[in-house]
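These notes are about the structure you will find just below.
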Amino acid sequence: MMKIDTKELRIVFMGTPEISAGLLRTLFENKFNVVAVVAQPDKPVGRKGILQKVPTKVVAEEFGVPVYQPIKIRKDYEFLKEINPDLILTFAYGQIVPEGVLNIPKYGCLNFHGSLLPKYRGAAPIQFSLINNESVTGVTLMEMIKEMDAGKMFASKEVIIEENDNATSLFKKIEVASCELLLDKIQDYVDGKLPGEEQDPSKVTFCPMIKPEEEKINLDLSAKEIWGWIRGLSDEPGAFLYLNGLKIKIFKAKLIDDNSSGNIGEIIKADKTGFVFQTKCGAISILELQKEGKGRMDYKSFLNGNQGLLGKKFE
RNA sequence: CGCGGAGUAGAGCAGUGGUAGCUCAUCAGGCCCAUAACCUGGAGGUCGCAGCGUUCAAAUCCUGCCUCCGCAA
Numbered sequence: 013m014m015k016i017d018t019k020e021l022r023i024v025f026m027g028t029p030e031i032s033a034g035l036l037r038t039l040f041e042n043k044f045n046v047v048a049v050v051a052q053p054d055k056p057v058g059r060k061g062i063l064q065k066v067p068t069k070v071v072a073e074e075f076g077v078p079v080y081q082p083i084k085i086r087k088d089y090e091f092l093k094e095i096n097p098d099l100i101l102t103f104a105y106g107q108i109v110p111e112g113v114l115n116i117p118k119y120g121c122l123n124f125h126g127s128l129l130p131k132y133r134g135a136a137p138i139q140f141s142l143i144n145n146e147s148v149t150g151v152t153l154m155e156m157i158k159e160m161d162a163g164k165m166f167a168s169k170e171v172i173i174e175e176n177d178n179a180t181s182l183f184k185k186i187e188v189a190s191c192e193l194l195l196d197k198i199q200d201y202v203d204g205k206l207p208g209e210e211q212d213p214s215k216v217t218f219c220p221m222i223k224p225e226e227e228k229i230n231l232d233l234s235a236k237e238i239w240g241w242i243r244g245l246s247d248e249p250g251a252f253l254y255l256n257g258l259k260i261k262i263f264k265a266k267l268i269d270d271n272s273s274g275n276i277g278e279i280i281k282a283d284k285t286g287f288v289f290q291t292k293c294g295a296i297s298i299l300e301l302q303k304e305g306k307g308r309m310d311y312k313s314f315l316n317g318n319q320g321l322l323g324k325k326f327e
């Protein structure tokens, strides 16, 4: 079998958000022959609803590669046949890729998934690894098949989750890991050196998309579980509680993992040594937060401008 | 014209017509075995920008603009 250099292959990249744009940039900078980029349509962003280019589009334009943004790839993928790619790479594209696309490229379709499969199949693996207080996660290079995130695994790379990681920092780590995984393994894949491993069905877990109502912290959970949610939703979109009827987003917190219990949600400390509220089991020390209409600030600043909170309750 | 909140000292806030204040941080000094404690003193603001708007008098009222934030999409 003749050896093929991956850099000669016609590659189509499918992906949308920031993390995906990082991988795309790595492809360009390492002289891969990316012939087209497929991304979600541009969406109105922010209060003013200004249409903003998706991150992968920005990178693609920087390198002069055409961008396709079908509203429904399920029905609209004829253009891919004309492009005639040898290989399709996807990372957080945002739509289910139809079978018709999977059969187009000679070397198949590979997906980067932000977890160590078979754990955390689905939409928000990075957030959920934090929400569930995992200590290790990673990125998996896998074959795309009809069923979502269910294909053979060719390679993966571990990422250690540290105590002070949140979604933003973990996304960054996964992005770096996925770039390394790409450079380390893609040639082996093309050479047929990676046999691929089927996912063990008994170990499969799923993570759904995070719904807006889940951004409200559930006070029935333990301090540790709440801490997971705070980290998993920080910095965007932010987990929140209500205090005096106002929404308070909590961006950064510390876990006080003792067995204390008391009135759930009650503020048990509010001075310069800490801003702590009680949960069902254990307590949470808030470090950075934001009140409706105000900017994000550290707890000392917040308490400075909001006094007499001791004994009040989060809801 | 989607709805709403906010811009005052480095930070967080109060002040709705009459001398710009409070808390924290900071600086100097003091006390103490010691301190994230306490006491004394100091520095630091053309009150988001503009209208040379209204007024004897504007942070405060009026008009326009800019920026930030919550919601909705």
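So that you can map any letter, position 58 of the first sequence is 70 in the working numbering, and since no number is skipped, the others follow by simple counting. Built from N, CA and C at the ideal position, the CB exists for glycine as well.
I280 and L322 have their alpha carbons spaced roughly 6 Å apart. Q319 counts as exposed, since fewer than 16 other C-beta atoms from the protein chains shown sit within 10 angstroms of its C-beta. Check the Cα spacing between N178 and each of G250, L255, N42, T28: the tightest is with G250.
Apart from sequence neighbours up to five positions away, the residues of its chain that approach C191 with a beta-carbon distance below 8 Å are G34, L35, T38, ordered along the chain. Counting only residues of its own chain and dropping the five nearest sequence neighbours on each side, N123 has a CB closer than 6 Å to the CB of T102, M154, M156. Classified as exposed, I62 has fewer than 16 neighbouring CB atoms from the shown chains inside 10 Å of its CB. Residue range 137 to 143 is occupied by the alpha helix (DSSP H) that includes Q139.
The bridge partners DSSP lists for E304 come to none. Pairwise C-beta distances place the region 226 to 234 out of contact with the region 185 to 200, as fewer than three of them are shorter than 8 Å. Inter-segment contact for the region 172 to 189 and the region 233 to 252 is present: three or more beta-carbon pairs are separated by less than 8 Å. Y80 sits in a strand when the DSSP states are folded into three classes. Contact between the region 113 to 121 and the region 90 to 100 is present: three or more C-beta pairs spanning the two stretches fall below 8 Å. In the three-state reduction of the DSSP assignment, A282 falls in the strand class, which pools E and B. Here P56 is bridged, per DSSP, to L63. Along the length of the region 102 to 140, whole beta strand (DSSP E) runs at least 3 residues long occupy 121 to 125, reported in chain order. Between F166 and Y132 the beta-carbon gap is near 18 Å, outside 8 Å, which marks them as no contact. For S168, the enclosing beta strand (DSSP E) begins and ends at 165 to 172. With respect to the 9 Å criterion, L258 and E304 are classified as neighbours on the basis of their beta carbons.
Between L255 and K236, the C-beta gap is not smaller than 9 Å, which leaves the two residues out of contact. Just so you know, the alpha carbons of E20 and N45 end up roughly 6 Å apart. Within the region 223 to 257, the complete alpha helix (DSSP H) segments of 4 residues or longer fall at 235 to 244, listed in chain order. Counting only the Cα atoms, E278 lies some 23 Å from K306. Around the C-beta of F75, fewer than 16 other C-beta atoms lie within 10 Å, and the residue is accordingly described as exposed.
With a cutoff of 9 Å on beta-carbon distance, I238 and I296 are scored as near each other.
The residue from K284, N275, I83 with its alpha-carbon nearest to that of T28 is I83. By the neighbour-count criterion, in which 16 or more other beta carbons inside 10 Å mark a residue as buried, G274 falls on the exposed side. When the five nearest sequence neighbours on each side are left out, the beta carbons in the same chain lying within less than 8 Å of the beta carbon of Q52 are those of T28, V66, Q81, Y105, G106, Q107, in order along the chain.
One alpha carbon belongs to E94, the other to A135, and they sit about 29 Å apart.
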